[in-house]
Amino acid sequence: MIYLDNSATTRPFDSVIEKTVSCMRDAYFNASAAYKPAVDVDREIRACRKLIAAQLGAKEDEVYFTAGGTESDNLAILGYAETLRRPANFVCSAIEHPAVLDTIRRVEKLGHTVRELPIDSRGRVDLAAAEQMIDENTALVACMQVSNETGAIQPVAQLAALARRKNPDVRVFVDGVQGFMRVPMHMGKMGVDMYALSGHKIHGPKGIGALIVKKGIRLMPQTTGGGQEKNLRSGTYNSAGILALGEAVREMTARQEQIAAMRGLKECLWTRLSALEGVRVNGPLPQEKDSAPHILSLSFDGVRGEVMRNALESAGILVSTGSACASHKQKVSATLKAMGLTAEQADGTIRVSLGLYNMMEEMEETAAQMEKMFALLARYRRR
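Residue numbers (the numbering used here): 14 to 396.
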């Protein structure tokens, strides 16, 4: 089997699995307890905070553990909206993950307004439009670091600078689920106030993530109870998940050369396919700087993405037709529609996403199978 749906989830590192089992078997103590075994677990949790903070130019006490990217998105957006005393406007890109887009629309019930930034044909936020849509009444700007569908790296630093020129008190929130540890991020240098990440996208476990919140920003907790995470996110610590997330960060840190090499795999696949008439990339080309190293969106003229996906699965190759969170909804991708693709072009799209277990020979086999399947399926082109 060739697994090429790593944007949906990744296979955990062996060391992550071992860390999870070890914690559940030997270090299962409640980290909030006062006896030594529990204090030892708490010490390891603090070490994980430091690891994450170091990757983002943040401080240890700015890292808050959550159940994953979705909870982090909700906490950042709703938690900040509920602190505002007067109506304001919230701005986000039109291609945000539903965990951001659906959540930010909920602030309208609190009396705020929402504006969606358009994107250009390459899948990046239109900064000229942002210049017009962000103003002195904008309270929060949300923009993903990397598009989960096309791999387009968003102009976060430029957008943050633009927003602060309009309103020095604006907050900038970045969903970094598809960017963390694969695309550089320094929150201070890039003007980011809050940043969300998820463990299972970086070969860690599911059910664990983090929200990094710049000191001085007040959020209203969305989960109340025992007062963990400085009263921002109550609930007994998921020690096994946190320590396994820390192990994933260590592994990713040690594998930076391998992460960089993913771009070569992506370029190899596209080089083979680019020779075929009727196949194109949606978003930046693999070799361009604003293309993330691990995501490739491909459209096949006249062939439905779902049909191509199923054909590839029959050959032992697993890809997706877009965001895993929306794959069951059977509707045209909002991202591809915003980029200007027709409904038919969007319907003919698949997403290939790489992880650290993929190898060059898999790209060769995938390209060969795509060439074969496209030639076969194109004979039955829709009328």
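Every residue, glycine too, gets a C-beta built ideally from N, C-alpha and C.
| query | How big is the Cα-Cα spacing for LYS8 and THR126? | reply | Within the shown structure, residues of the chain are numbered from 14 to 396, placing residue 8 beyond reach of any answer.
Exposed or buried, ARG322, counting other C-beta atoms within 10 Å across all chains shown (16 or more means buried)? buried
| ALA381 to GLY291 span [Cα, whole Å] | 16 Å
DSSP three-state assignment for CYS156, whether helix, strand or coil: coil
ask   = Looking at the structure shown, is ILE308 part of a helix, part of a strand, or coil, going by DSSP?
value = strand
The segment 275-285 / the segment 241-261 touching (three or more Cβ pairs under 8 Å): no
Query raised in the report: Can you name the start and end residues of the alpha helix (DSSP H) that ARG184 belongs to?
Result: No alpha helix (DSSP H) holds ARG184; the beta strand (DSSP E) holding it covers 184-188.
- Task: Examine the Cβ distances between the segment 248-258 and the segment 347-360 and report whether three or more of them are shorter than 8 Å.
- Result: no
Does the distance from the CB of HIS307 to the CB of VAL29 come in under 9 Å?
no
Practice problem: For LEU175, collect the residues of the same chain with a Cβ closer than 8 Å to its Cβ; drop the 5 residues on either side in sequence, then sort them by chain order. | Solution: LEU140, ALA143, GLU144, ILE147
Quiz item: Would the beta-carbon of ILE166 fall within 9 Å of that of SER346?
Solution: no
**Prompt:** Do the segment 101-118 and the segment 57-69 meet, that is, are 3 or more Cβ pairs less than 8 Å apart?
**Reply:** no
- 9 Å Cβ cutoff met for ASP53 and ALA40: yes
- Task: State yes or no: is the C-beta of SER85 within less than 9 Å of the C-beta of ALA209?
- Result: yes
**Study point:** Among PHE387, LYS385, GLU377, the one whose alpha carbon lies nearest that of LEU17
**Key:** GLU377
Taking all protein chains shown into account, do 16 or more other C-beta atoms lie within 10 angstroms of the C-beta of ARG38, making it buried, or fewer, making it exposed?
exposed
*Determine, using beta-carbon pairs with one atom in the segment 153-162 and one in the segment 90-97, whether at least three such pairs fall under 8 Å.*
yes
Check: Are SER333 and SER366 close, meaning C-beta to C-beta below 9 Å?
Finding: yes
Quiz item: Hey, ARG195 and ILE108 are a contact pair by Cβ (cut 8 Å); roughly how many whole angstroms apart?
Solution: No, ARG195 and ILE108 are not in contact; Cβ-Cβ is about 18 Å, not under 8 Å.
Exercise for the section: Give a yes or no on whether 9 Å exceeds the smallest Cβ distance from GLY277 to chain B. Expected result: Structure shown: chain B not included; a single protein chain is present.
Residue interval of the beta strand (DSSP E) (run including VAL169)
Unbroken run through VAL169 is the alpha helix (DSSP H), 169-179; no beta strand (DSSP E).
Exercise for the section: Just tell me which of ASN102, ILE132, ALA89, PHE42 has its CA closest to the CA of VAL113. Expected result: ALA89
Buried versus exposed, by CB contacts within 10 Å (16 or more), GLN269 | exposed
**Message:** What would DSSP say about SER211, mapped onto helix, strand or coil?
**Reply:** strand
- Residue nearest to THR236 in terms of C-alpha spacing, selected from PHE78, LYS32, SER20, VAL185: PHE78
Query - Reduced DSSP secondary structure (H/G/I, E/B, other) of ALA165 - result: strand
Own chain partners of LEU224 with C-beta closer than 7 Å, once the 5 adjacent residues on each side are dropped | TYR77, THR79, SER85, LEU88, ALA89, MET207, ALA209
Need the endpoints of the alpha helix (DSSP H) that ALA66 sits in, please.
49-69
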